[in-house]
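> Numbering (the working numbering), first residue to last: 280 to 467.
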Amino acid sequence: MSDYFSVWTLIRASGFLAFYFMTLSLFLGLFSSFSIMKKRKGRLLQSLHQKSGWYGLLTIIFHIILIGRDQYAPYSSGELFLPFFAKNEPVYSALGTLSFYLFFLVIGSSDFFIRRLGRTAWKKIHFVVIPAWVFMLIHGLGNGSDSSEPWALFIYLFATAFMIVLLFIRIIESLMKRQSSGQRNLKS
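(1) Cβ atoms of Y354 and A468: under 8 Å apart, would you say?
(2) If you reduce the DSSP assignment to three classes, tell me which class N367 lands in.
(3) For the alpha helix (DSSP H) containing G423, list its first residue and its last residue.
(4) How many Å lie between G375 and L307 at the Cα?
(5) Pair every Cβ in the segment 283-290 with every Cβ in the segment 380-396, then say whether three or more of these pairs are closer than 8 Å.
(6) In chain order, which alpha helix (DSSP H) runs of at least 4 residues are fully inside the segment 390-460?
(7) Using alpha carbons as the reference points, say which of R457, H328 and E452 lies closest to F313.
(8) What residue range does the alpha helix (DSSP H) around F284 cover?
(9) Alpha carbon to alpha carbon, what distance is there between A400 and F300?
(10) Which same chain residues, not among the five before or five after F441, have their C-beta less than 8 Å away from its C-beta?
(11) Would you kindly work out how many angstroms separate the C-alpha atoms of G517 and S285, rounded to a whole number?
(12) If you pair each beta-carbon of the segment 382-390 with each one of the segment 324-335, do three or more pairs fall below 8 Å?
(13) Just verifying my parser: in three-state terms, what is the DSSP assignment at A352?
(14) Mapping DSSP to helix, strand and coil, what is L361?
Next up, the structure:
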């Protein structure tokens, strides 16, 4: 097998690809929640948000399978699925495992249980994507063999900065909505 398609190369590529898809899903989810976007392209953004989330989750599963098959730094099933059980970088590995479980919870609840949960409970569960994404980021920075490379640091830094800006805008918009609805209630 060539170096381009070695298990180690595919582990690295699938890790970055999962980060890309999950980051894209969060960006699209945040964009689609903005008032101006709901009026214009809400359905399209929601569809892309869901699809990129599923692609990300499937890529994470592929990443986990590859790690289990790696001969150089083999992980047992327990090390792959039980947080803090890994011998290699137990904290960073645990954050990757926890991130997977949280993303799985959010995507599963969104696509299969949203009607049973109700919108309020679903929304609370959905906010778990933020710590899941942060765990994934820390996992990649701490466990990734390419994380010290300038291109990788740029990807992580750009994604983090953009995520902070989007979250800030979302929080401001939410506060403004509350304030305007509070003023309308006072006038009534």
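Glycine included, every Cβ here is placed at the ideal spot set by N, Cα and C.
On the basis of the data shown:
(1) Only positions 280 to 467 of the chain appear in the structure, and residue 468 is not among them; the question remains open.
(2) coil
(3) Unbroken run through G423: none, as it is neither H nor E.
(4) 22 Å
(5) no
(6) 393-396, 398-405 and 408-422
(7) E452
(8) Segment: none, F284 is in no alpha helix (DSSP H) and carries neither H nor E.
(9) The straight-line gap from Cα to Cα measures roughly 25 Å.
(10) If you ignore the 5 residues before and after F441, its C-beta comes within less than 8 Å of the C-beta of F306, all in its own chain and listed in chain order.
(11) With the chain represented from 280 up to 467, any question about residue 517 goes unanswered, as that position is not in the structure.
(12) yes
(13) coil
(14) coil
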